[in-house]
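In short: position in the sequence shown from 1, add 301, done, that's this note's numbering.
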Amino acid sequence: MFTFGEVHTGLLQNSTPLTTDRAAEVLSPLCGAQLQRFERPMQRIITADRPIGVDCRLPAASGGNPHVVGTVLWHAGITGGHLAQSNVFAAVVPAAERRRMPWEHYTAFPGRLELLSDAKPEDLTQGYLHGRSRPNDLDTTAIATQAFDRLQRSQLLDRRPTLRTRRTRLRWTATGTGKTPQPITVTFRMVSEDLRTVDVKVADEFVPGVLGLCEDLALHDWLLTTVSRLLELTLTTRLGPVEKADQLRPAVEYFLHLWMPGARVDEVLKPVWQELDRRPGFSRQWDTSVARVRDQISLGTIELLKLTHALRRDA
Numbered sequence: 302m303f304t305f306g307e308v309h310t311g312l313l314q315n316s317t318p319l320t321t322d323r324a325a326e327v328l329s330p331l332c333g334a335q336l337q338r339f340e341r342p343m344q345r346i347i348t349a350d351r352p353i354g355v356d357c358r359l360p361a362a363s364g365g366n367p368h369v370v371g372t373v374l375w376h377a378g379i380t381g382g383h384l385a386q387s388n389v390f391a392a393v394v395p396a397a398e399r400r401r402m403p404w405e406h407y408t409a410f411p412g413r414l415e416l417l418s419d420a421k422p423e424d425l426t427q428g429y430l431h432g433r434s435r436p437n438d439l440d441t442t443a444i445a446t447q448a449f450d451r452l453q454r455s456q457l458l459d460r461r462p463t464l465r466t467r468r469t470r471l472r473w474t475a476t477g478t479g480k481t482p483q484p485i486t487v488t489f490r491m492v493s494e495d496l497r498t499v500d501v502k503v504a505d506e507f508v509p510g511v512l513g514l515c516e517d518l519a520l521h522d523w524l525l526t527t528v529s530r531l532l533e534l535t536l537t538t539r540l541g542p543v544e545k546a547d548q549l550r551p552a553v554e555y556f557l558h559l560w561m562p563g564a565r566v567d568e569v570l571k572p573v574w575q576e577l578d579r580r581p582g583f584s585r586q587w588d589t590s591v592a593r594v595r596d597q598i599s600l601g602t603i604e605l606l607k608l609t610h611a612l613r614r615d616a
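Written as structure tokens, this is what we have:
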């Protein structure tokens, strides 16, 4: 019927980026030695998928109580040595029989939830993206938060991050449109300061690739949000050019080189990034923010050179 998930992204609680081996040591307690490592186009390491059994309701836009049983999967990862992510996801399928089966049946299909009641995919996707959570509803936020917190509690982290930043959450759904290739549609919304939603409709065969797309989107949304906030906080103060440049330096050292939208996305799904650049204007806003950061650092450098020249002249 559809696939859904939630990605949390934030700054690792460490004063410096981690090497690949160090990042592996931080992630290993979450899944043992089952890790995937990537060096190109950027350093990234992620844990193996881990299942969690659930027997609960799904939120529905109509207010119904669709019942699902099965397992959701989660994993965590570190990108660039200091950007942490956790992701929880599952696919919803109609149950062959409208009755609860033994757990062995569900554990044989990790990452699959069987729907035991009638519901339309659009009702479920809109309920998950925009509905209010009820006590018996599946809580992907809690699962993703727990995974993220476990990563951050590692004794190998010094808990002295260079910046104070917020986590962001990206809640996503992917619905298949059939077996024949159809135009890809994507709806991206900024719900609040820390929550975004993405609804993707794509040909059935490309639905599995939406998971990687949404992780990539969540990472770049966090980068854009964090650099924009840092700029706002810096430029609205009465600090001098040198002090402002010093506050913006971490953005140059740690974040700017990580901007590679679509680099880890299935080629078929690249048009999604084109759509996001056309309407929300991700890359345009990023390029403007980067230019402003560099301008402020240049002004700080000029001011510092002027002060140095004045001191030498007075001496």
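We put the beta carbon where it would ideally sit given N, CA and C, even for glycine.
Treat the numbers as computed from the prediction; the structure is a model and nothing was measured.
query: Ranges of the beta strand (DSSP E) found wholly within the segment 489-520, counting only runs of at least 3; result: 496-503
query: Alpha-carbon to alpha-carbon, K421 and T334; result: The sequence shown places Ala at residue 334, not Thr. Whole-angstrom Cα-Cα distance: 40 Å.
query: Bounding residues of the beta strand (DSSP E) (the contiguous stretch that carries E569); result: Correcting the residue type first, residue 569 is Val in the shown sequence and not Glu. Careful: V569 lies outside any beta strand (DSSP E) and carries neither H nor E.
query: 7 Å Cβ cutoff met for A377 and A448; result: yes
query: 7 Å Cβ cutoff met for V393 and M302; result: yes
query: Spatial neighbours of T486 in its chain, beta-carbon cut-off 7 Å, leaving aside the 5 residues before and after; result: K502
query: R614 to R565 span [Cα, whole Å]; result: 53 Å
query: Simplified DSSP state of H383, which is helix, strand or coil; result: coil
query: Per-residue DSSP class, three states only, for E340; result: coil
query: Of the listed residues E307, G306, L312 and V308, nearest to A552 (C-alpha basis); result: L312
query: Three-state secondary structure (DSSP) of E398; result: coil
query: Outcome for D590 when other beta-carbon atoms lying within 10 angstroms are tallied against a minimum of 16; result: The question names Asp, yet the displayed sequence has Ser at residue 590. By the 10 Å Cβ count, S590 comes out buried.
query: Contacts around Q427, its chain only, beta-carbon distance under 6 Å, and the 5 residues preceding and following it disregarded; result: A362
query: Buried or exposed (CB count within 10 angstroms, at least 16 for buried), T527; result: buried
query: Paired residues, beta bridge with E285 - DSSP; result: What the structure shows of the chain is the stretch from 302 to 616, and residue 285 is not part of that stretch, so it cannot be assessed.
query: Residue range of the beta strand (DSSP E) that includes V553; result: Counting along the chain, V553 falls outside any beta strand (DSSP E), and DSSP gives it neither H nor E.
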